[in-house]
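Student:
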Amino acid sequence: MGKRILILEPSATTQAIFTGKYKKTDYEPCYEVNGLQMVVSAYNRQPDAIMLNARCVSPNTLDLVRLIKNIGKLQKIPLAVYATSRFPFEKEFMEDSGADLFIHFDTDDLVEKTEQLFSPSLLKTPPVPKENYASKSAIAIRVFDFIGKLDSIEKIAVEYLNLVTEFCEVPAVSLFLNENDGAEAFYVSADNIAENERNDFLKICTSDFEELFPDSNVLKITPKRLESIKPLEDFRTSDVPLSAYQSFNLVDSHGETFGTVCAVREGVFTKNQLDLLGFSANLLGNIMHNAIMLKGKIKFEQNIRKAFSRFVPEQIIDELVEDVASNKEGDKVGVGEKRDVAILFSDIRSFTNISEHNKPEVIVAFLNRYFTTMCTIIKKHGGTIDKFIGDAIMALFGAPVSYEDNARRAVAAAYEMREALPSVPLEDLVLPDGMKFNIGIGIHYGDVIVGSIGSNDKTDYSVIGDNVNLASRLEGLTKTYGSMILVSQAVKDDIGTDEFVYRPLDDVKVKGKAKAVPIYAIDRGPDEFSEKYRDCYKKGFGLYKQGVFNLAHEYFSNALSEAPDDKACRLMVSRCEEFIKNPPENWDGAIAFNTK
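All the letters of the sequence shown, read from the start, carry residue numbers 112 to 707 under the numbering used here.
1) Run through the DSSP bridge pairs and tell me what I332 is partnered with.
2) Can you check the segment 609-670 for any beta strand (DSSP E) of at least 3 residues that lies completely inside it and give the ranges in chain order?
3) At the level of alpha carbons, what is the spacing between N273 and V372?
4) Buried or exposed: which applies to R156, given that a residue is buried once 16 or more other Cβ atoms fall within 10 Å of its Cβ?
5) Would you mind stating whether F369 and N289 have Cβ atoms separated by less than 7 Å?
6) Rounded to whole angstroms, how far is the Cβ of E177 from the Cβ of S208, which I believe are closer than 8 Å?
7) Could you tell me if K406 is buried or exposed, where buried requires 16 or more neighbouring beta carbons within 10 angstroms of its beta carbon?
8) Tell me whether L330 is buried or exposed, calling it buried when 16 or more other Cβ atoms sit within 10 Å of its Cβ.
9) Would you tell me roughly how many angstroms separate the C-alpha atoms of K314 and N393, rounded to the nearest one?
10) What do you get for D219, buried or exposed, if any count of 16 or more other CB atoms within 10 angstroms of its CB means buried?
11) For E338, which option in F346, V269, I332, P325 has the closest C-alpha, if you only look at C-alpha atoms?
12) I409: buried (16+ other C-beta within 10 angstroms of its C-beta) or exposed?
13) Among T172, F499, K470, which one has its Cα closest to the Cα of T483?
14) I'd like the span of the beta strand (DSSP E) that includes V684, first residue to last.
15) Starting from F312, follow the alpha helix (DSSP H) in both directions and report where the run begins and ends.
16) Between F359, G636, I691, K132, which has its C-alpha nearest A663's C-alpha?
17) Just to confirm, are A402 and I264 a CB contact at a threshold of 7 Å?
18) Helix or strand or just coil, what does DSSP make of D302?
19) Hey, how far is the Cα of Q227 from the Cα of H215?
20) Let's see if you can read the secondary structure: which residues bound the alpha helix (DSSP H) around G370?
21) Counting C-beta neighbours from all protein chains within 10 Å, is the total for S349 16 or more, i.e. buried, or is it exposed?
22) Is it a yes or a no for the segment 118-126 touching the segment 160-167, going by three-plus beta-carbon pairs under 8 Å?
23) Provide the residue(s) that pair with T495 in DSSP beta bridges, ordered along the chain.
24) By DSSP, does I575 sit in helix, in strand, or in coil?
25) Identify the continuous alpha helix (DSSP H) that holds F129 and give its terminal residues.
26) Bridge partners for Q227 per DSSP, in chain order?
27) Who are the Cβ neighbours of L387 in its own chain at under 8 Å, not counting the five residues just before and after it?
28) Who does V452 pair with in a DSSP beta bridge?
29) Let's test the definition: count the other Cβ atoms within 10 Å of the Cβ of A305 and tell me whether it reaches 16, buried, or not, exposed.
30) If we ignore side chains and look at the alpha-carbon of each, how far apart do A670 and Y613 end up?
31) Which residue comes first and which comes last in the alpha helix (DSSP H) that contains I596?
32) Quick one: what's got a C-beta closer than 6 Å to F390's C-beta in the same chain, skipping five residues either side?
33) For the segment 620-627 and the segment 575-585, state whether three or more C-beta atom pairs, one from each stretch, are separated by less than 8 Å.
34) Have a look at A171 and Q126 and give me their C-alpha separation to the nearest angstrom.
35) Cα-Cα, which of F255, G636, A160 is closest to E527?
36) Could you check if R336 is buried or exposed, using at least 16 other CB atoms within 10 Å of its CB as the buried criterion?
Written as structure tokens, this is what we have:
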């Protein structure tokens, strides 16, 4: 494993030079462009070395080096300051700041100078603290401890507000935050502050915050009072009014303001107190912004799980959330995009007739049992329940999370749904005389548009496109051909293996489609139909497509004698008889269906 070097460098050009020079070495550079964010990164990552551009500002490099050298967790990390041009008083700069090495940025010997940074004798003791620096080091250590509490904004707030009361000796301090879902506010206050004084303080804090964020809901929220870790009553006497008020903005690593810290006290704030308050607010900005971002990600994950949990396997939700967190394809949830998806439609046969023989409560209870069984199977194979349409199920394989074998998963799910049908408890459901409970399943594979579709009030993650319509038409054709599962040529081609037994049935032009689509039944196994049947049907179908209907009729008739109950074969016999009497014009081997 290489040596990790954390480099504070705002210039992308200089970053590229570092990366190029370290490319064939065991040094692994990573970069920050913001000084305070760099300190947070160093605290979290614990790099093998740190390098700072000598001309950084806000905060300046001198203060950054002192800060790093006074944080116990970072003191033993070698630290170099470098300059890309002539730099005056570099020796004095090193002694004053406590840097271990000063590097003149020369691309020819950069690697050699970097090696000096790892010399055991190089590491220095922290410099003598300057004015206010001991306090700043203590504050920095306390604030960096908040990194372990990023999962709770309130925990960070209570720790920080109590820290401010400690070093500023104030009886009240507030923290207002502008988060993704609205404003949030906290405060601590001495018990001996009069209620009207406390209310006046919070009104001023709210007013200042509203000026920064006029579109926030801050006027509708009530700031939450947090527990004071230490008594604050000593900072409030009844003789002197709370006349000194100070406010500092919280700024993230991109320079965007997202909150305020406000404090009030008797008399006036000293210069040192204001310096420390501003310093602590700068440190808090990066950490609190990370906490807000984490809160947003957690809420997003909760929303994703809530929206998909009933219809999507837990594994898919986990992958979707992981993709969003790493900015992979999951971040397209809600954004329209085109992708290849297997679409499955399933429908209960003659459900209208069944409904007429049963009470509504019986129908609803049965559907719940039926949907539970079928949806469990679909989710098991990685599918997503897109929607229920009456007694029909529309399921997706490939959205929101896609696999390499989406079509295979869809057919495997359909196969298991067919096998599980007898296990669905009918209980008090009454079937019409002579009717057997049955379903039809149609599957097609192709590109669709996926995304959150709807209005401002209600949206659904769904798919649209011609290929969705084709899958629906295939489900409808299961009644025509008497097969429980129909798939398109695209499904068969995508699977590309003999895992399933395909039985070619016909070439069809469904409503809305000019191009013929070969369709196949999925048999339970090779023994469901005899070899003679399959051979006769195949030869008959070949002749049928060529328009030789008399010979095709003979082969289809022989196939029908092998499987007298086969509806598809009976249909082809009947169709050949009709075409012998009335030959179709411009025959291209495909039959058109003009109804849905």
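All C-beta atoms in this analysis are idealised placements derived from N, C-alpha and C, irrespective of residue type, glycine included.
These numbers come from a predicted model, not from an experiment.
Tutor: In brief:
1) When DSSP reads this structure, I332 sits in no beta bridge, so it has no partner.
2) Entirely contained in the segment 609-670, the beta strand (DSSP E) runs reaching 3 residues are, in chain order, 612-620, 628-634.
3) Each residue's alpha carbon lies about 12 Å from the other.
4) The residue in question, R156, is exposed, as its Cβ has fewer than 16 Cβ neighbours within 10 Å.
5) Yes, the pair counts as a contact, with Cβ atoms nearer than the cut-off.
6) As written in the sequence, residue 177 is Arg, which differs from the Glu given in the question. Right, their Cβ atoms sit about 6 Å apart.
7) Around the beta-carbon of K406, 16 or more other beta-carbon atoms lie within 10 Å, marking it buried.
8) That one is exposed.
9) Their Cα atoms are separated by approximately 24 Å.
10) Around the CB of D219, fewer than 16 other CB atoms lie within 10 Å, so the residue is classed as exposed.
11) E338 has its Cα closest to that of V269, out of F346, V269, I332, P325.
12) Under the 10 Å beta carbon count, I409 is surrounded by fewer than 16 other beta carbons and is classified as exposed.
13) Nearest C-alpha to T483: F499.
14) V684: not part of any beta strand (DSSP E); member of the alpha helix (DSSP H) spanning 678-692, first to last residue.
15) It spans 306-323 - the alpha helix (DSSP H) in which F312 sits, taken as one unbroken run.
16) Shortest Cα-Cα distance from A663 to any of F359, G636, I691, K132 involves I691.
17) Contact: yes.
18) Correct three-state label for D302: coil.
19) Their backbone Cα atoms lie some 13 Å apart in a straight line.
20) Premise fails: G370 lies in the beta strand (DSSP E), 368-376, not in any alpha helix (DSSP H).
21) S349 should be labelled exposed.
22) Taking a cut-off of 8 Å for Cβ pairs, the segment 118-126 and the segment 160-167 touch, as three or more such pairs fall below it.
23) For T495, which the question treats as bridged, DSSP gives the partners L507.
24) In the structure shown, I575 sits in a strand (DSSP, three-state: E or B).
25) Segment 123-132, the alpha helix (DSSP H) holding F129.
26) In the DSSP output, where bridge partners are listed per residue, Q227 has none listed.
27) Cβ neighbours of L387 beyond the five flanking positions: N243, S246, K247, I250, F278, C279.
28) For V452, DSSP records a beta bridge to G557.
29) By the neighbour-count rule (16 or more Cβ atoms within 10 Å), A305 is not buried but exposed.
30) Distance from the CA of A670 to the CA of Y613, rounded to the nearest whole angstrom, comes to 17 Å.
31) Note, I596: premise wrong, no alpha helix (DSSP H); beta strand (DSSP E) at 596-599.
32) K247, listed in sequence order.
33) Yes, the segment 620-627 touches the segment 575-585.
34) First, the residue type needs correcting, since residue 171 is Asn and not Ala in the sequence shown. N171 and Q126 have their C-alpha atoms spaced approximately 19 Å apart.
35) Distances from the alpha-carbon of E527 to those of F255, G636, A160 put G636 closest.
36) Exposed, since its Cβ has fewer than 16 Cβ neighbours within 10 Å.
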